[in-house]
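Please read the structure below before turning to the comments.
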Amino acid sequence: MSLNEEVELLRNIPMFANIEPSKLKLLAFTSERLTFSEGDFLFSQGDSGDAAFIIVDGEADVMIDTPDGPLTVAHFKKNDIVGEIAILTDVPRTATVRASTKLETMVISKELFFRLVMEFPQIAVEIMRELAKRLEATNARLRTLSSHAA
Amino acid sequence: MDKSILRFILRYSAKQQLVVVALTMLSWPVLYATLELPKSIVNEAIGGKAGWTRGILGETLDQVTFLVILCFGFLLFVVANGVIKYFLNVYAGRLGERMLRRLRFQLYSRVLRFPLPHFKKVSQGEIIPMITAEVEPLGGYIGIAMSTPMFFGGMLLVYLGFIFAQDVFLGAAAIALYPVQIYVIPKLQAKVIALGRRRVREVRSLADKIGESIGGVTEIHAHDTSVFERADITRRLDRIYLIRYEIFRRKFAIKFLNSFMAQLTPFFFYLIGGYFVIKGELTIGALVAVLAAYKDLSAPWKELLNYYQLQADVKVKYEQVIEQFDPPGMLDEALQDADEGGPEAATGALTGANVTYTEDGRAKSVEGLNFQIDLDTHVAIAGAGGSGKDDLTLLLARLIQPTAGQIRIGDARTDQLPESFLGRRMAYMSASPYLFSTSVRDNLIYGLKHRPVDETGIDEEFAADRDRYLADADTSGNITHNPHADWTDYAAAGVDSREALVRRSIEVLKVADMGDDLYQFGLRGSIDPTAQPDLAEAILRARRALREKLAETGRDNLIEPFDRETYNTNATLGENLLFGTPRDNTFDIDRLADHPYVASVIDDVGLTQELVVTGRQLAEMMVELFSGLPPGHEFFEQYSFIGSDELPEYQQLLTRTAGQEPDAMRPEDRQRFLSLPLKLIPARHRVGLVTDEIQHKVLQARHKFAENLPEELKDSVEFFDEDTYNGAATLQDNILFGKVAYGQAQAAVKVSAIIGEVLDSLEMRDDVMAVGLSYQVGVGGARLSAAQRQKLGLARCIIKRPDVLIVNEGITSLDGASQRRVLQAVLKEFKGRGVIWTLHRAAYADQFDRVIVMRSGKIVEQDEFKALDRDGTTLRELLKNE
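Heads up: the protein sequence lines correspond to chains Z and C, in order. The opening residue of the first sequence carries number 1 in my numbering; numbering runs sequentially from there. The opening residue of the second sequence carries number 151 in my numbering; numbering runs sequentially from there.
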């Protein structure tokens, strides 16, 4: 996939929709492309976070460690952004992410990510929206789980 | 060491000095003849009256024949004089060189006998110039030490005799000023000598300072003290400058005085002699003769004065150097030289009676120690820093000697044991083992090189010169061992051959937990396939096995193999074109396009135009993407082919070439654009500029490059070939035979794991490790990590199989888990032999048979660990504080 195709792909992600193409080009050019085989770990809970991943193709599971073993709490698919919490808050990875199919990603380093957020409020808003959505989804799952348990 | 240079000369070269003197005397009649014959030629042969004849040896000769004979006689004596002088000079020169060599060797040997604490006071910066530069002039002096005063002194006497024979009064006048010169010049000279002494000291301290700056260069950078340091150097240079200025000012003053005095005598001759001639009391002929003789007189007199100055200078230099090489407490020479002596083995017990140690009269670091360490047990020494455990360890290893009390091994006092015993039967290792700038192997077996095991040697070139070498070494009092012989004592390592030693080396390094490091060195190392064809063949098998394994497990996306007919998208365009490993700088991959042959190949396949256009596009892209970034941003490092400082330059370049066809561009502009895309890696940079068309042409260029490569460039590149081992590449690259793919998660980690599996399945891991033995450790081991240096230092102690291993902390740089692992492995290896380990963590004491606990220079506890591991003991306190 060439640079221009990647820019197109980034443009389709809501978070980056309103960013000027030259900045997206820089983003695409400076971010590494990483392919994971099925079952590979993007990162594990407790690792220190230094990068976020944009899923270009494929799917991934989000798992958290529980006393009863790992629990899958969410799935990611194309155009999703993964792993931004750890680089936002400087906490260790809050979950483990594993490729559930062959997975193509773009890696955005912590430094680049912050530059983007600072420069484009649009991205910050999109991230807030995304985080809120994810929190709600997790809460909903917890509610179902606790009602099952009860 | 002889206190004065005269004693040194007489002790080691009395006989040779006699030869020099004899040769000098031999030259006397010849020299006399060369002076006398011209007189006869002028006065008798030429100046004789017509019809003059002379009878020699019963023959009657006419004037011309006589002239011819005398002239040829003159020529003969001139040649003879020259020949004698030549041999005299050569002989004296060689004598001087041999003596210089002997002196240097003695000084170096003495350095190796200095007591260790002395090195806290003197630095290498001071010692090195003494042995190298400062003694250099001594050689020249020693050669002529006896002959010059004899020769010129004799000459002077002859001339003086001649003058006195003419007229006693004038003779007295001729030498009237000598006493003054003899008295005054040394007085003036003394000041110059004193200055010279100071200069030597200042230069020494300058050398020391420079050495210190190099040692502390990291600190200088880290603390921005380069101005401070340079100010300090300025101060020192100023001092040296002042001294030197003063020296030559005085030297010229002396010179002036000397020549003035030399002219003063003729002044008196003219005045007084002239007066007597006028009064008729002296013939004019006599005055002229005396003047001529006086002129002759000045040459030897000057030489004698010079000699006197040189001698004074050299005397000072010698004494100044020697006094630095005689510190108190030096090791006995016999203990350094002995090849045997002491007990067969270090067995029984290491016992100390009332052992006390103090340095330079400071507080006693250990005092009144009594101990017994059985040499078939493992003993730990524990204690806080400053408890004296460090000095105790050094005492046990006899690296320092007790100021009071005794340490014995069995019945022998350690201070009377030769180094041959201590260095072979015992091993000592500190936390900062010194590594020599050579391979891992040579550092490892360093402790096996005591004497050559076989004097014949393996170096053919040396063999031809061997007799000369050994004879010269002997005459100069140097070591007479063959330096090219095999010095490795295989038996001491418990093996019988070179091959067995390699296997043992790997074993020992594994004990020291260095197996993985060695394996990595091996992968990064290279071999000469002609010297090791079997290994090269095995590596090729590994190459195929790796390929199969990747295919089997469906992971062949991790590596993109080299294929002559395919463009490798994980390699740069330049690498794709060259398709081989450069052997030297000719085809430096960063400046590939600058090579005329490469340029011609690119041109041949019609690629120049396209590459220039592509390069220009790439430059445009870079300028567009990166112009907003602050200079020095990490992206420049990471991705750009253009540095931030070059960006404006490229902007200008783009403006200048806007709308230009490549042909219309300036050649240097074209060249800059042309070389840009050569660094593109399609899979990594993803700029989409390396089109199929370009790739196709690069493949054509690749073939052309190889086919038409001129003979003289053939050695500069080794091409990739599926079935050939590439001697210019590393083992790892040979196994990979391709590029690790970009964009595959953890590709490098996965690939190296698979390579490990492949090598294990082929049982080749040890072979790779053997290659790792050739890894160069760098100056002082700088290419190894601190932990690796310690592991190698430990392995060096293990391989020589000592009876006692003494470790002074030793493994502090290893991580916690490795420390315990190494400790256990070493103790297992030394089962039944002695180990004395001074611990940096008391917790490890549980691994030992006994523990000695030190506090404030005294042994406070010694017992089994279990007995001491209870409340109220010092050991428990140490354990708690960790």
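In this text, a Cβ means the ideal position worked out from N, Cα and C, and glycines have one as well.
Cα-Cα separation, residue i to residue j
i, j, result
"residue 777(C)", "residue 796(C)", "11 Å"
"residue 522(C)", "residue 970(C)", "26 Å"
"residue 340(C)", "residue 331(C)", "14 Å"
"residue 77(Z)", "residue 793(C)", "37 Å"
"residue 347(C)", "residue 356(C)", "14 Å"
"residue 832(C)", "residue 718(C)", "9 Å"
"residue 429(C)", "residue 445(C)", "25 Å"
"residue 700(C)", "residue 910(C)", "15 Å"
"residue 656(C)", "residue 919(C)", "7 Å"
"residue 866(C)", "residue 898(C)", "29 Å"
"residue 887(C)", "residue 599(C)", "40 Å"
"residue 565(C)", "residue 601(C)", "22 Å"
"residue 903(C)", "residue 885(C)", "13 Å"
"residue 195(Z)", "residue 101(Z)", "The displayed coordinates of chain Z run from 1 to 150. Any statement about residue 195(Z) would go beyond what the structure contains."
"residue 434(C)", "residue 441(C)", "11 Å"
"residue 109(C)", "residue 768(C)", "Past the edges of chain C, shown from 151 to 1032, lies residue 109(C), and the structure says nothing about it."
"residue 184(C)", "residue 422(C)", "32 Å"
"residue 991(C)", "residue 1029(C)", "8 Å"
"residue 480(C)", "residue 267(C)", "11 Å"
"residue 232(C)", "residue 378(C)", "58 Å"
"residue 141(Z)", "residue 80(Z)", "19 Å"
Contact with chain Z by residue i, beta-carbon distance below 8 Å
i, result
"residue 837(C)", "yes"
"residue 774(C)", "yes"
"residue 895(C)", "yes"
Cβ pair residue i, residue j closer than 8 Å
i, j, result
"residue 597(C)", "residue 577(C)", "yes"
"residue 949(C)", "residue 574(C)", "no"
"residue 342(C)", "residue 397(C)", "yes"
"residue 921(C)", "residue 881(C)", "yes"
"residue 313(C)", "residue 352(C)", "no"
"residue 241(C)", "residue 173(C)", "yes"
"residue 544(C)", "residue 946(C)", "no"
"residue 415(C)", "residue 327(C)", "yes"
"residue 500(C)", "residue 559(C)", "yes"
Assigned exposure category for residue i - 16 Cβ within 10 Å defines buried
i, result
"residue 851(C)", "buried"
"residue 467(C)", "buried"
"residue 528(C)", "buried"
"residue 153(C)", "exposed"
"residue 691(C)", "exposed"
"residue 258(C)", "exposed"
"residue 381(C)", "exposed"
"residue 67(Z)", "exposed"
"residue 540(C)", "buried"
"residue 219(C)", "exposed"
"residue 395(C)", "exposed"
"residue 974(C)", "exposed"
Any chain C beta carbon closer than 8 Å to residue i
i, result
"residue 47(Z)", "no"
"residue 153(Z)", "Since the displayed chain Z opens at 1 and closes at 150, residue 153(Z) lies outside it and no answer follows."
"residue 29(Z)", "yes"
"residue 33(Z)", "yes"
"residue 40(Z)", "yes"
"residue 156(Z)", "Nothing about residue 156(Z) can be read from this structure; chain Z reaches only from 1 to 150."
"residue 12(Z)", "no"
"residue 22(Z)", "yes"
"residue 120(Z)", "no"
"residue 79(Z)", "no"
"residue 110(Z)", "no"
"residue 3(Z)", "yes"
message = With three or more C-beta pairs closer than 8 Å as the rule, is the region 931 to 940 of chain C touching the region 578 to 586 of chain C?
response = yes
query = So, do the region 835 to 845 of chain C and the region 817 to 826 of chain C have three or more beta carbon pairs nearer to each other than 8 Å?
reply = no
query = Is it true that the region 748 to 759 of chain C meets the region 767 to 774 of chain C, where meeting means three or more beta-carbon pairs spaced less than 8 Å apart?
reply = no
request  = Could you tell me whether the region 972 to 986 of chain C touches the region 950 to 957 of chain C, where touching means 3 or more Cβ pairs closer than 8 Å?
outcome  = yes
ask   = Quick check: the region 273 to 287 of chain C against the region 398 to 414 of chain C, are there 3 or more CB pairs under 8 Å?
value = no
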